[in-house]
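Colleague: Just so you know, the protein sequences line up as chains A and B, in that order. The numbering of the first sequence is the working numbering, which starts it at 20 and goes up by one. The numbering of the second sequence is the working numbering, which starts it at 667 and goes up by one.
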Amino acid sequence: MALLESRHSMGESPSRALSDAPPAVDDDLVARAREGDLDAFNQIVALHQRLVFNLCLRMLGDGAAAEDATQEAFLSAYRNIRSLRGDRVRPWLLRIAANACTDELRRRARRPALSLDAPLPGGNDPPDLPDAAAGPEAEALRGEQRARVQQALLTLPHDQRMAVVLCDVQGLAYEEIAEAMRTSVGTVKSRIARGREKLRRELAGEHPGERDRHDV
Amino acid sequence: MRAAGVTGVLRFVRPRRGHQPDVEALSASLDGRLPAAEAERLRAHVAGCAACRAQLTSLQSARDALRGLGEVEAPRSFALRQADLAAMPAPRRWAPALASATAVLVLAIAGGAVWYASRSGDGDSQLAASEAAPTRPVGAIAADSAAPSPTPRIENGPPAFGSVYRTPAASSVVTTPPSGAGADARADDAPLPRAPATGSATPEAGAFLNAGQMTATPHQGGQNAYSAAEIATAKAQVGLSGLPPGASTTGSADATITARLEQNREAARHDDSGAPWTAIGVGLALVAVLVAVMAAALIRRRNA
Numbered sequence: 020m021a022l023l024e025s026r027h028s029m030g031e032s033p034s035r036a037l038s039d040a041p042p043a044v045d046d047d048l049v050a051r052a053r054e055g056d057l058d059a060f061n062q063i064v065a066l067h068q069r070l071v072f073n074l075c076l077r078m079l080g081d082g083a084a085a086e087d088a089t090q091e092a093f094l095s096a097y098r099n100i101r102s103l104r105g106d107r108v109r110p111w112l113l114r115i116a117a118n119a120c121t122d123e124l125r126r127r128a129r130r131p132a133l134s135l136d137a138p139l140p141g142g143n144d145p146p147d148l149p150d151a152a153a154g155p156e157a158e159a160l161r162g163e164q165r166a167r168v169q170q171a172l173l174t175l176p177h178d179q180r181m182a183v184v185l186c187d188v189q190g191l192a193y194e195e196i197a198e199a200m201r202t203s204v205g206t207v208k209s210r211i212a213r214g215r216e217k218l219r220r221e222l223a224g225e226h227p228g229e230r231d232r233h234d235v
Numbered sequence: 667m668r669a670a671g672v673t674g675v676l677r678f679v680r681p682r683r684g685h686q687p688d689v690e691a692l693s694a695s696l697d698g699r700l701p702a703a704e705a706e707r708l709r710a711h712v713a714g715c716a717a718c719r720a721q722l723t724s725l726q727s728a729r730d731a732l733r734g735l736g737e738v739e740a741p742r743s744f745a746l747r748q749a750d751l752a753a754m755p756a757p758r759r760w761a762p763a764l765a766s767a768t769a770v771l772v773l774a775i776a777g778g779a780v781w782y783a784s785r786s787g788d789g790d791s792q793l794a795a796s797e798a799a800p801t802r803p804v805g806a807i808a809a810d811s812a813a814p815s816p817t818p819r820i821e822n823g824p825p826a827f828g829s830v831y832r833t834p835a836a837s838s839v840v841t842t843p844p845s846g847a848g849a850d851a852r853a854d855d856a857p858l859p860r861a862p863a864t865g866s867a868t869p870e871a872g873a874f875l876n877a878g879q880m881t882a883t884p885h886q887g888g889q890n891a892y893s894a895a896e897i898a899t900a901k902a903q904v905g906l907s908g909l910p911p912g913a914s915t916t917g918s919a920d921a922t923i924t925a926r927l928e929q930n931r932e933a934a935r936h937d938d939s940g941a942p943w944t945a946i947g948v949g950l951a952l953v954a955v956l957v958a959v960m961a962a963a964l965i966r967r968r969n970a
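1. For Asp187 (chain A), which residues in chain B fall below 7 Å Cβ to Cβ?
2. Kindly say whether Leu48 (chain A), judged by its beta-carbon, lies nearer than 8 Å to any beta-carbon of chain B.
3. Have a look at B:Val689, B:Val772, B:Gly947 and flag the residue whose alpha-carbon is nearest the alpha-carbon of Ala717 (chain B).
4. Can you tell me where the alpha helix (DSSP H) holding Phe72 (chain A) begins and where it ends?
5. With 16 as the cutoff for other CB atoms within 10 Å, does His67 (chain A) come out buried or exposed?
6. Spell out whether any CB of chain B is found under 8 Å from the CB atom of Glu198 (chain A).
7. Kindly indicate the opening and closing residues of the alpha helix (DSSP H) around Ser727 (chain B).
8. Considering just the uninterrupted stretch of the alpha helix (DSSP H) at Cys186 (chain A), what are its terminal residues?
9. First and last residue of the alpha helix (DSSP H) that includes Phe93 (chain A)?
10. Determine the direct distance from the alpha carbon of Leu48 (chain A) to that of Ile63 (chain A), and round the result to whole angstroms.
11. To be precise: take each residue of the stretch 101 to 112 of chain A, compare its Cβ to all Cβ atoms of chain B, and keep it if any distance is under 7 Å. Which residues remain?
12. For a test of the three-state rule: what should DSSP assign to Arg104 (chain A), helix, strand or coil?
13. Rounded to a whole number of angstroms, what is the C-alpha to C-alpha distance between Ala212 (chain A) and Arg114 (chain A)?
14. How would you call Arg785 (chain B), buried or exposed, if buried means at least 16 neighbouring beta carbons within 10 angstroms?
15. So the alpha helix (DSSP H) Val904 (chain B) belongs to, where does it begin and stop?
16. May I have the straight-line CA-CA distance separating Arg130 (chain A) from Glu123 (chain A), to the nearest angstrom?
17. Rounded to whole angstroms, what's the CA-CA distance from Arg104 (chain A) to Ala157 (chain A)? Just pull it up for me.
18. Quick check: the Cα distance between Lys217 (chain A) and Ala92 (chain A), rounded to an integer number of angstroms?
19. Quick check: the stretch 920 to 930 of chain B against the stretch 739 to 751 of chain B, are at least 3 beta-carbon pairs closer than 8 Å?
20. Buried or exposed: Pro701 (chain B), going by 16 or more other Cβ atoms within 10 Å of its Cβ?
21. May I ask you to report which of helix, strand or coil DSSP gives Arg129 (chain A)?
22. May I ask you to verify whether the stretch 158 to 168 of chain A touches the stretch 199 to 215 of chain A, counting CB pairs closer than 8 Å and requiring at least 3?
23. Could you give the DSSP three-state label for Ala223 (chain A): helix, strand or coil?
24. Going by the beta-carbon positions, is the gap between Leu725 (chain B) and Arg215 (chain A) smaller than 8 Å?
25. Could one say the Cβ of Ser693 (chain B) lies closer than 8 Å to chain A's Cβ atoms, at least one of them?
26. Quick check on the DSSP output: the alpha helix (DSSP H) that includes Glu156 (chain A) runs from which residue to which?
27. For a contact defined as C-beta to C-beta under 8 Å, what are the partners of Ser766 (chain B) on chain A?
28. Within its chain, find whatever has a CB closer than 7 Å to the CB of Ala900 (chain B); leave out the 5 residues flanking it on each side and keep chain order.
29. Are the beta-carbon atoms belonging to Leu732 (chain B) and Val183 (chain A) less than 8 Å from one another?
30. Quick one: is Pro110 (chain A) buried, meaning 16 or more other Cβ sit within 10 Å of its Cβ, or exposed?
31. Can you tell me which of the three DSSP states Val738 (chain B) falls into?
32. Please report whether the beta-carbon of Leu964 (chain B) lies at a distance below 8 Å from any beta-carbon of chain A.
33. So with CB distances below 8 Å, who are the chain A contacts of Val957 (chain B)?
34. Ends of the alpha helix (DSSP H) at Glu195 (chain A)?
35. List the residues of chain B whose Cβ lies closer than 8 Å to the Cβ of Leu76 (chain A), in chain order.
36. Less than 8 Å between CB atoms is the rule here; does Thr206 (chain A) satisfy it with respect to chain B?
Below, the structure is given as structure tokens:
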């Protein structure tokens with residue numbers, strides 16, 4: 020019963036959404052960016068780089084690779100600026116970022132020397148979520164837990180990984196995830212459910228981690 | 667509580683124990699993505715179903731673990747510099763350019779093929795006319811043209827006929843007796859008054875019709891069989907003036923016309939290649955359209 024009591028949010032809108040307030044991108048900014056105005060485009064970059072970088076970081080599990088993918092995504096976005104429509108900046112950018120991540124994963128699959136099991140760089144620690152009450156030991160424990168979760172995340176199929184990252188890590192609504200992934204809300208719902216389920220099994224050690232590690 | 671819950675949620679009531687929990691619904695309920703009534707029923711069911719409760723707990727733990735990852739700040743600015751743009755080749759620019767160039771090239775080839783096919787057809791309109799006319803063996807021609815036709819052919823013959831028989835030379839022949847040595851043999855057979863517009867009364871025609879080797883093999887698979895139109899065309903091409911009016915060299919006149927007929931046949935065979943050229947042209951045009959469509963789709967997808 021206690022479990023049920025604790026879930027007051029059932030039937031309500033998601034209570035937590037880190038990126039949920041879409042940055043204000045006015046049409047004028049988009050219009051200028053579409054004309055090739057680099058300053059206008061860089062304003063859009065500044066508004067979205069955290070979102071894009073975090074998606075890349077969780078998709079790739081590697082800070083340096085995530086930086087490359089993020090830069091690649093914005094370059095690609097600039098080159099394809101004409102495919103951007105006014106109020107749809109965020110899903111558009113997320114889609115491009117996901118493509119950049121896919122490219123990066125393919126590159127890495129061709130170069131197996133760069134192992135996915137490599138320890139995550141320091142850029143992985145969220146400096147914006149300080150655990151004030153915790154001492155250094157608790158903080159280390161949390162870091163360890165995050166590394167485990169990240170490793171488990173990398174075992175998910177690409178589409179499930181993207182869905183749970185956008186939903187649970189970045190707090191996007193199903194609708195926006197669906198748009199970013201170019202699929203239906205129903206499919207997003209299913210991917211999130213299966214992703215969470217698989218992640219939970221992975222964390223519980225029910226599946227050997229190697230089983231479908233490269234399932235992209 | 668338990669009884670009420672079970673009766674309230676028909677979709678979760680399974681007679682057997684340990685039913686498969688609806689992972690999707692449980693997961694969506696964590697995000698508040700179930701309609702209020704359904705969320706209420708699910709909550710009531712989960713209260714009484716250990717399997718669903720365990721499933722919900724594990725989904726929730728996964729979600730919480732993911733939330734624990736949290737978002738990090740971007741390690742640096744990803745603003746683009748002019749140098750970045752200059753260093754990057756713009757793949758989106760060459761892709762459509764290449765596709766367009768390919769499409770234009772293929773279309774040009776296709777257009778050229780069609781033009782070539784139509785041009786060779788126009789240039790030999792007389793050949794086209796001769797092909798349209800029914801092919802008959804030479805023997806038939808001899809009989810037909812030697813015998814006077816009740817109506818002048820000029821009226822219903824193909825254009826090639828008209829161009830031949832409308833000439834003053836042909837009509838003047840009617841009044842002046844043929845002087846060709848080979849000609850009068852046949853011209854004598856034909857009653858003069860009724861020979862007017864047929865043109866077979868011309869010395870050349872008479873000479874040709876006298877050619878023994880031509881009439882000897884009338885039905886050899888159409889190889890040596892020439893239609894009246896063909897013969898007429900050949901004669902026109904050789905030119906009535908090409909032979910001296912009184913020339914007795916029947917053999918050489920026949921040879922000239924025969925050669926011309928062979929020549930025309932050969933040209934007609936080449937002209938047949940117009941059909942495949944047209945087909946190739948249309949095919950290439952379709953390929954061009956296909957390339958353009960595929961390129962457009964590819965670009966659109968990449969731009970996504």
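Cβ coordinates follow ideal geometry from the N, Cα and C atoms, glycine included. What you are looking at is a predicted structure, and each value in this text was computed from that prediction instead of being measured.
Modeller: The short version:
1. Arg729, Leu732, Arg733
2. False, the Cβ-Cβ gap to chain B never drops below 8 Å.
3. B:Val689
4. 57 to 79
5. So His67 (chain A) counts as buried.
6. no
7. 716 to 735
8. Secondary structure note for Cys186 (chain A): it is in no alpha helix (DSSP H), with a DSSP letter that is neither H nor E.
9. 82 to 98 is the extent of the alpha helix (DSSP H) around Phe93 (chain A).
10. 8 Å
11. Ser102
12. Here Arg104 (chain A) sits in coil by DSSP.
13. 21 Å
14. exposed
15. 894 to 904
16. 11 Å
17. 46 Å
18. Distance between the alpha carbons of Lys217 (chain A) and Ala92 (chain A): 28 Å.
19. no
20. Counting the other CB atoms within 10 Å of its CB gives Pro701 (chain B) a total below 16, which places it among the exposed residues.
21. helix
22. no
23. Collapsing the DSSP output to three states places Ala223 (chain A) in coil.
24. yes
25. By this cut-off, Ser693 (chain B) is an interface position.
26. Looking at the DSSP string, the run of the alpha helix (DSSP H) that includes Glu156 (chain A) is 155 to 173.
27. Result: empty, since nearest Cβ-Cβ is about 16 Å, beyond 8 Å.
28. Short of 7 Å from the beta carbon of Ala900 (chain B), and not among the five residues preceding or following it, lie these beta carbons of its own chain, in chain order: Ile923, Arg926, Leu927, Asn930.
29. For Leu732 (chain B) and Val183 (chain A), yes; Cβs fall inside 8 Å.
30. buried
31. coil
32. no
33. Within chain A, no C-beta atom comes nearer than 8 Å to that of Val957 (chain B); the closest sits roughly 21 Å away.
34. 193 to 200
35. Val738
36. no
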